Structure formats: C-alpha cells, structure tokens
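Here the structure is laid out as structure tokens; the discussion comes afterwards.
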Amino acid sequence: MHNIKTIGIVGAGQMGGGISQVAAAAGFTTIVFDSHNESLARCKDQHAKRLAREVEKGRMQQPDVEKTLGRISYIHYLDHMKACDIVIEAIVEDARVKKDLFAKLGKQFGADSQTILASNTSSISITELAAAAGPAADRVIGMHFFYPVPVMKLVEVIRGRQTAEGTTGRVAALAAALGKTAVPANDRAGFISNRVLMPMINEAFYAWMEGVAEPAHVDEIMKLGCNFPMGPLRLADFIGLDTCAHIMEVMADGLNSDRYRPCPLLKQLVAAGRLGDKSGRGVFEYPTK
Ligand code: CAA
C-alpha cells in the first residue's frame, strides 16, 4: 500500500514532464516545480498537446483530459510542495546540484515526515543523495523512469544503503498505480539499465568509427537482426549524445574501469554540438527540429 495522494515533481523538463503527465492521468494530485518560468510554460503546453493527441488517437475521452489537466499545478516555489506524499526529482544530471536539492528537501521533510524523496537519476549514487538528505535518508530512493515516460513500462527502483524496506514497498506499489512495473536494482553506477544499454550504444560508435558499417547499416542490422524498435545510433540521438557520453563517464568513474569511457567519436560529436534530436543533428539529421 503506497498511501500516496499527492505527487510532487521537481524539474519540468523532458522526464519531469512525462512523469507528471502519467501521475495526473493516473488520478494523483500532481505538483510540478521548476525555477525557470519558460520550462514550466513549455511543460504545460506539452501536457495539453500530448493529452489532446490521446483524444485524437481514441485512447482518452475529452472530459478525462480536462480532469487530468485540472489535477496538475505548476509552481515556482519549492516550499509549496509541503502537501506532497512523494517528491520525485528530475533535474539536471549533476551530482552537486542534486545533492543541494536533497539537502533542502531533507530539511523540508525532516525526521517527523513520511514523505518519500525519489530521484529519477540514471546513474548518480542514491546512497550519496540519501546522505545529503540527512534525517530523511531512509526515505530516499531511486525511481528511474524511461523516455518517453508515457510509453515505457519500466521503473527501475534503486535502493541506497540507507533506504528503508517500507520506502521500497511504497514506491513499488506507486509504480504499479502509475501503470508501470517496478524492478529493483542495487546502487552501483549505471544500475542495470544503463550498465547494459550504454556500452552497447558506445560499441556502435566504435564500429562506425572503425568503418565496420555506415550508421544507417549499423542500425538496420540491429533492428532487423535483433528486433530492436530503434537501432543503437538512432536511440543515442533520441536519448541525447551528451547524456550518453555523460552516463559512460559516470560509470567509468563509479565502476573504476576505463572500459566504460565514451568512444572518441561520440565525444567529438558532442563537442561539435551534434547532440541528437534536441539539436536537430546527432548521428542522423532531423531537419524539422
Ligand atoms: N515523447 C512522448 N511520447 C512519445 C514520444 C516522445 N518523444 N515519441 C513517441 N511517443 C509515443 C507517442 O504516444 C506515440 O504514439 P502517437 O504518435 O500515436 O501518439 C507512441 O510513442 C508511438 O510512437 P510512434 O508511432 O512514433 O512509433 P514507434 O512505434 O516508432 O515508437 C518509440 C516510438 C516508443 C519511441 C519506440 O521507437 C521505442 O520504444 N524506442 C526505444 C525507446 C527506448 O529505448 N527508451 C529508453 C531510452 S533509455 C532511458 O530513457 C533511460 C536513460 O537513463 C538514458
């Protein structure tokens, strides 16, 4: 039993936007915080567009869309999250910035609180975020969603050293209420998803760099031969080449092995500003973006 009615999401970007849409559609009172007005406005706009698309596709009725949108509030002050039963952090993947936030949340939701503090980090140590949260450490947990959140079924649940059993149980029940499947993993850099996925993506860059095949052929081989919905290079563009390179670096440091260092070609594309879908060009070109 999760006993959760109100979900707070810190960060109104791509992941925070998706998580809040799913939370509101599942009937939770949803509060989205971002310190940037433009991000909140973009998030609100995306919610309206994505939900309108659900009606177009016959997956939702208009009155349900209105109810869903009515459950979401967009706020500029972290203090206004007091009523939340869980706060899910989905901000920039930077350990220092995340620790600052967890320190603030640990003060706000101190020892007498029941509020869970979850992080959507894809690689940063949950144990370190929990340590930053002080008195709330046993209520800190990793709740790793996948992009695009409304479509992907998994939530990878990461227990830090300090995470209480009860916190893990409540988060697993919440994931089910959100229509997701929670699968546990322990707190090692990259957890399971990125530890397995990212070296494969990185290897695709090496294969391309060494001239084993053209990028389109690398992807075609993996799509047709392994039944992947997207080839690894297309997926790298979809995730963001900067994010892929960053996750590899975090794993190389965290797992203390150079075998996780990003491929030089991947790093070079990032340096050239070719970040994938979001910049209009990565491995492939996306002229309309
Ligand atoms: N945001 C939100 N929803 C999206 C989306 C996006 N960027 N892109 C697609 N969708 C949704 C839409 O609802 C869409 O349906 P409609 O267009 O009918 O509304 C639905 O997905 C299907 O999309 P498409 O019809 O375009 O077709 P598709 O069959 O090619 O599926 C896909 C697209 C679901 C993205 C599929 O290609 C896929 O599963 N790709 C792999 C995605 C993946 O591996 N994600 C994990 C990345 S790793 C990660 O997130 C973790 C990390 O730490 C890096």
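Read in order, the letters of the sequence shown correspond to residues 40 to 328 in the working numbering. Glycine included, each C-beta is placed from N, C-alpha and C at the ideal position. Everything numeric in this text was worked out from a predicted model, so none of it was measured.
Enclosing alpha helix (DSSP H) for residue i [first to last residue]
i      : result
Tyr245 : Ser232 to Met248
Ile260 : Pro254 to Cys265
Pro102 : Gln101 to Gly109
Ala310 : Pro303 to Ala310
Val210 : Glu204 to Ala216
Pro174 : Unbroken run through Pro174: none, as it is neither H nor E.
Ile163 : Here Ile163 belongs to no alpha helix (DSSP H), and DSSP marks it neither H nor E.
Phe277 : Pro271 to Ile278
Ala142 : Ala134 to Gln147
7 angstroms Cβ cutoff met for residue i and residue j
i      : j      : result
Asp124 : Thr45  : yes
Ser17  : Asn233 : Missing from the structure shown is residue 17; the chain here goes from 40 to 328 and no further.
Ile43  : Met120 : no
Ile180 : Ala157 : yes
Phe340 : Leu117 : Past the boundaries of the shown model lies residue 340; the chain is included only from 40 to 328, so the question cannot be answered.
Val257 : Ala275 : no
Thr220 : Leu193 : yes
His41  : Leu213 : yes
Leu272 : Val322 : yes
Ala228 : Met290 : yes
Ile197 : Asp226 : yes
Gly56  : Cys82  : yes
Phe148 : Ala175 : yes
Val61  : Pro187 : no
Ala150 : Glu195 : no
Met269 : Asn159 : no
Met99  : Glu105 : no
Thr107 : Ala64  : yes
Val182 : Val136 : One detail in the question is off: residue 182 reads as Met in this sequence, not Val. No, Cβ-Cβ distance for Met182 and Val136 is not below 7 angstroms.
Met191 : Met237 : no
Gly145 : Gly173 : yes
Met239 : Leu304 : no
Tyr113 : Leu140 : no
Asp316 : Phe277 : yes
Residue i - partner residues in DSSP beta bridges
i      : result
His183 : Glu195
Phe72  : Val49 and Ile114
Ala157 : Ile127 and Ile180
Arg320 : Gly315 and Glu324
Where the beta strand (DSSP E) through residue i begins and ends
i      : result
Thr329 : Within the shown structure, residues of the chain are numbered from 40 to 328, placing residue 329 beyond reach of any answer.
Counting Cβ pairs closer than 8 angstroms, one from the stretch 165-182 and one from the stretch 190-203, do we hit at least three? With a cut-off of 8 angstroms on Cβ pairs, the stretch 165-182 is in contact with the stretch 190-203, counting three or more such pairs.
Given 8 angstroms, three or more beta-carbon pairs between the stretch 280-295 and the stretch 308-317: Proximity of the stretch 280-295 to the stretch 308-317 meets the contact definition, three or more beta-carbon pairs being nearer than 8 angstroms.
Contact set, ligand 1 heavy atom to C-beta under 7 angstroms: Listed along the chain, these residues meet the criterion: Gly57, Arg89, Arg92, Lys96, Ser161, His183, Phe185, Tyr186, Pro187, Pro189, Val190, Met191, Ser232, Asn233, Leu236, Pro268, Met269, Leu274, Phe277, Ile278, Thr282 and Ile286.
Count the CB pairs spanning the stretch 49-61 and the stretch 127-144 that are closer than 8 angstroms, and state whether there are at least three. Output reads yes: the stretch 127-144 touches the stretch 49-61.
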